[in-house]
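K.L.:
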Amino acid sequence: MIPFVDLKTQYLGIKDEVDAAIRGILETCQFTLGAEVAAFERDFAAFQQAAHGIGVNTGTSALHLSLLAAGIGKGDEVITVPFTFMATVSAIDYTGAKPVFVDIDPVTFNMDPSAIEAAITPRTRAIMPVHLYGQTADMDPIMALARKHRLLVIEDACQAHAAEYKGRRVGSIGDFGCFSFYPGKNLGAYGEGGMVVTNNAEYARKVRMLRDWGAEKKYHHVLKGYNYRLEGIQGAVLRVKLKYLEKWTEARRAAAARYDRLLAPLGVPTPAAMPWARHVYHIYAVRTTQRQKWQDALAARGVQTGIHYPVPVHLLPAFADLGYHAGQFPHAEQAANEVLSLPMFPEITAQQIEAVSAAVGGVADAALRAA
Ligand SMILES: Cc1ncc(COP(=O)(O)O)c(C=O)c1O
1 MIPFVDLKTQ YLGIKDEVDA AIRGILETCQ FTLGAEVAAF ERDFAAFQQA AHGIGVNTGT
61 SALHLSLLAA GIGKGDEVIT VPFTFMATVS AIDYTGAKPV FVDIDPVTFN MDPSAIEAAI
121 TPRTRAIMPV HLYGQTADMD PIMALARKHR LLVIEDACQA HAAEYKGRRV GSIGDFGCFS
181 FYPGKNLGAY GEGGMVVTNN AEYARKVRML RDWGAEKKYH HVLKGYNYRL EGIQGAVLRV
241 KLKYLEKWTE ARRAAAARYD RLLAPLGVPT PAAMPWARHV YHIYAVRTTQ RQKWQDALAA
301 RGVQTGIHYP VPVHLLPAFA DLGYHAGQFP HAEQAANEVL SLPMFPEITA QQIEAVSAAV
361 GGVADAALRA A
């Protein structure tokens, strides 16, 4: 069996350090926020080349609090993409603002900058690009439009730790960068976690208050806040794991290059890595119009795959109230029908990649013969 991700192997490789970090929290009893969380905030913000980092309990909360710190709420509109995990859109919805979709670029699966201007109205307050699968959106035209129309940019970098755009780390290219430390992410907690990074001290102060009941000083609540604190154990574990993230990122990139070399000659559409990007391959997705057949055939050969994501957000029943319908975002809809994520994790071996590629080759060949 070749798993889609393998968190156990990674844990075993860093077990002593992780166990000691967890024991440290058990001994200091700093179970929520505390010194380890503060140290991790500093380390991670520096890693992403941002001035401030504020740890929160999930990536969704990072998005939610960034929007709130920006003063976005009822009556406002935020432009984003429908080809993403629903959390991007839910965070906008939580504030009372209206999510407004634009289509994706069919090559990168990221926000199509040329579609943005037509979606801007007098109510638009922000643009929320998603760095899907670990490759950045094309940020220069997005930032130029945002500045021209006085809009904020909140980067959904939940899948893009260590990713770069023209040599700059994601997260502080826009006004806010939001990260998830869900266990399967490139930097994953042993539970839930998230972080907002920003270069703006005032935004940082607001997010810091909002994650802890809107108080700067205990019981002196200035804002209506939330309990979105990052736990001490997660901060301690993440701080250990951050030291390995560069190495793990390079391992993912090497694995992707190996997949590319094996799959491209078979005619399988592999992910496009843009010249501006340091793609960090949170997901390695190929495309096929025969997805169900491929997925079943790969499963029969012991290869676990995933689909990110089978239904674009504008067609999810949960967001029917937004009033969108099929056909409005054809590139997002086609991607949702065709993408298939292959096993991808830093510890994946050359033999595993060869076995997956051979299995994909077998299915692709059978499909071609049947056609
Ligand atoms: C693109 C994207 N946005 C937001 C989130 C939400 O992060 P979390 O699960 O930590 O709330 C995720 C991950 O699940 C994601 O992949």
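When you line the sequence shown up against this note's numbering, it's residues 1 to 371, in that order. Glycine included, every Cβ here is placed at the ideal spot set by N, Cα and C.
Would you tell me roughly how many angstroms separate the C-alpha atoms of Pro141 and Thr28, rounded to the nearest one?
P.N.:
The count along the sequence shown starts at 1 and reaches residue 141 at position 141. The count along the sequence shown starts at 1 and reaches residue 28 at position 28. Cα to Cα, the separation comes out at about 48 angstroms.
K.L.:
Residue ranges of each beta strand (DSSP E) run of no fewer than 3 residues wholly in the stretch 255 to 335, ordered along the chain?
P.N.:
DSSP runs (the beta strand (DSSP E)) wholly in the stretch 255 to 335: 284 to 287.
K.L.:
Please report the distance separating the alpha-carbon of Val100 from that of Ala91.
P.N.:
What you label residue 100 is simply residue 100 of the sequence shown in a count that begins at 1. What you label residue 91 is simply residue 91 of the sequence shown in a count that begins at 1. In a straight line, the C-alpha of Val100 is about 13 angstroms away from that of Ala91.
K.L.:
Mind checking whether the beta-carbon of Glu192 lies closer than 7 angstroms to any heavy atom of ligand 1?
P.N.:
Counting from 1 along the sequence shown, the entry for residue 192 is found at position 192. At least one heavy atom of ligand 1 is nearer than 7 angstroms to the Cβ of Glu192, so yes.
K.L.:
Indicate, with yes or no, if ligand 2 has a heavy atom lying under 7 angstroms from the CB of Thr95.
P.N.:
Absence of ligand 2 is noted for the structure shown, with ligand 1 being the only ligands found.
K.L.:
Report the rounded CA-to-CA distance for His206 versus Tyr226, giving the unit in angstroms.
P.N.:
By 1-based counting over the sequence shown, the position of residue 206 is 206. By 1-based counting over the sequence shown, the position of residue 226 is 226. The sequence given here has Lys at residue 206, not His. One C-alpha to the other measures close to 12 angstroms.
K.L.:
Decide yes or no for the touch test of the stretch 8 to 21 against the stretch 345 to 354: beta carbon pairs closer than 8 angstroms, at least 3 of them.
P.N.:
Yes, since at least three Cβ pairs between the stretch 8 to 21 and the stretch 345 to 354 fall closer than 8 angstroms, the two stretches touch.
K.L.:
Output needed for Arg258: all residues of its chain with C-beta closer than 7 angstroms, excluding positions within five of it in sequence on either side, in chain order.
P.N.:
Reading the sequence shown from its first residue, position 258 is the one you call residue 258. Once the five neighbours on either side are set aside, the close Cβ partners of Arg258 are Ala350, Ile353.
K.L.:
Alpha carbons only, please: which of Gln30, Arg301, Pro330 is nearest the one belonging to Pro3?
P.N.:
Translated into positions along the sequence shown, residue 3 becomes position 3. Comparing Cα positions, the closest option is Arg301.
K.L.:
If you run the structure through DSSP and keep just helix, strand and coil, what is Lys206?
P.N.:
Counting from 1 along the sequence shown, the entry for residue 206 is found at position 206. If DSSP states are grouped into helix, strand and coil, Lys206 belongs with the helices.
K.L.:
Would a C-beta distance cut-off of 8 angstroms place Ser66 and Ile154 closer than the cut-off?
P.N.:
Residue mapping note: residue 66 aligns to position 66 of the sequence shown, counting from 1. Residue mapping note: residue 154 aligns to position 154 of the sequence shown, counting from 1. Yes, Cβ-Cβ distance for Ser66 and Ile154 is below 8 angstroms.
K.L.:
Taking the alpha carbon of Thr124 as the reference point, which residue from Leu266, Lys74, Phe83 has its own alpha carbon closest?
P.N.:
Numbered from 1 along the sequence shown, position 124 holds the residue referred to as residue 124. Here the closest residue by C-alpha is Lys74.
K.L.:
Report back the beta-carbon spacing between Asn186 and Val286 to the nearest angstrom; my notes put them in contact at under 8 angstroms.
P.N.:
As a position in the sequence shown, residue 186 is number 186, starting the count at 1. As a position in the sequence shown, residue 286 is number 286, starting the count at 1. With a Cβ gap of about 19 angstroms, Asn186 and Val286 do not count as contacting.
K.L.:
Buried or exposed: which applies to Gln193, given that a residue is buried once 16 or more other Cβ atoms fall within 10 Å of its Cβ?
P.N.:
Within the sequence shown, the letter at position 193 stands for residue 193. Checking the sequence shown, residue 193 turns out to be Gly, not Gln. So Gly193 ends up on the buried side.
K.L.:
At a cut-off of 7 angstroms, would you count Phe85 as near ligand 1, judging by its Cβ distance to the nearest heavy atom?
P.N.:
For the purposes of this step, residue 85 is taken as the residue at position 85 of the sequence shown. Yes, Cβ of Phe85 sits closer than 7 angstroms to a heavy atom of ligand 1.
K.L.:
Quick one, which of Ala297, Glu333, Phe329, Lys243 has its alpha-carbon nearest Gly362's?
P.N.:
The residue you call residue 362 lines up with position 362 of the sequence shown. Measuring from the Cα of Gly362, the nearest candidate turns out to be Ala297.
K.L.:
Please report how far the alpha carbon of Pro183 lies from the alpha carbon of Gly191, in whole angstroms.
P.N.:
Start at 1 with the first residue of the sequence shown, and residue 183 comes out as number 183. Start at 1 with the first residue of the sequence shown, and residue 191 comes out as number 191. For Pro183 and Gly191, the distance between alpha carbons rounds to 6 angstroms.
K.L.:
Taking the alpha-carbon of Ala50 as reference, which of Pro330, Ala366, Asn200 has the nearest alpha-carbon?
P.N.:
Looking up residue 50 in the sequence shown gives position 50. Nearest of Pro330, Ala366, Asn200 to Ala50, Cα basis: Asn200.
K.L.:
So within the stretch 1 to 76, which uninterrupted beta strand (DSSP E) runs reach at least 3 residues, ignoring any that extend past its ends?
P.N.:
Listed in chain order, they are 52 to 56.
K.L.:
Do three or more CB pairs link the stretch 307 to 314 to the stretch 75 to 91 at distances below 8 angstroms?
P.N.:
Short answer: they touch.
K.L.:
Taking C-beta to C-beta, are Gln159 and His64 nearer than 8 angstroms?
P.N.:
Sequence index remark: in the sequence shown, residue 159 carries index 159 (1-based). Sequence index remark: in the sequence shown, residue 64 carries index 64 (1-based). No, Cβ-Cβ distance for Gln159 and His64 is not below 8 angstroms.
K.L.:
Quick one: Cα of Ala69 to Cα of Ala97, how far?
P.N.:
Along the sequence shown, one-based indexing puts residue 69 at 69. Along the sequence shown, one-based indexing puts residue 97 at 97. In a straight line, the C-alpha of Ala69 is about 13 angstroms away from that of Ala97.
K.L.:
In the DSSP assignment, find the beta strand (DSSP E) that holds Val196 and state where it starts and stops.
P.N.:
In the sequence shown, the residue the question calls residue 196 occupies position 196. Note, Val196: beta strand (DSSP E), 194 to 198.
K.L.:
Terminal residues of the continuous beta strand (DSSP E) containing Ala126?
P.N.:
Numbered from 1 along the sequence shown, position 126 holds the residue referred to as residue 126. Note, Ala126: beta strand (DSSP E), 124 to 127.
K.L.:
Starting from the C-beta of Val237, find all residues in its chain whose C-beta is less than 7 angstroms away, skip the five residues before and the five after it, and write them out in chain order.
P.N.:
In the sequence shown, residue 237 corresponds to position 237, counting from 1. Taken in chain order, the residues that qualify are Val18, Ala21, Ile22, Ala189, Tyr190.
K.L.:
When the Cα of Ala336 is compared with those of Gly55, Ile120, Phe40, Gln292, which residue comes out closest?
P.N.:
Counting from 1 along the sequence shown, the entry for residue 336 is found at position 336. Ranking the options by Cα distance to Ala336, first place goes to Gln292.
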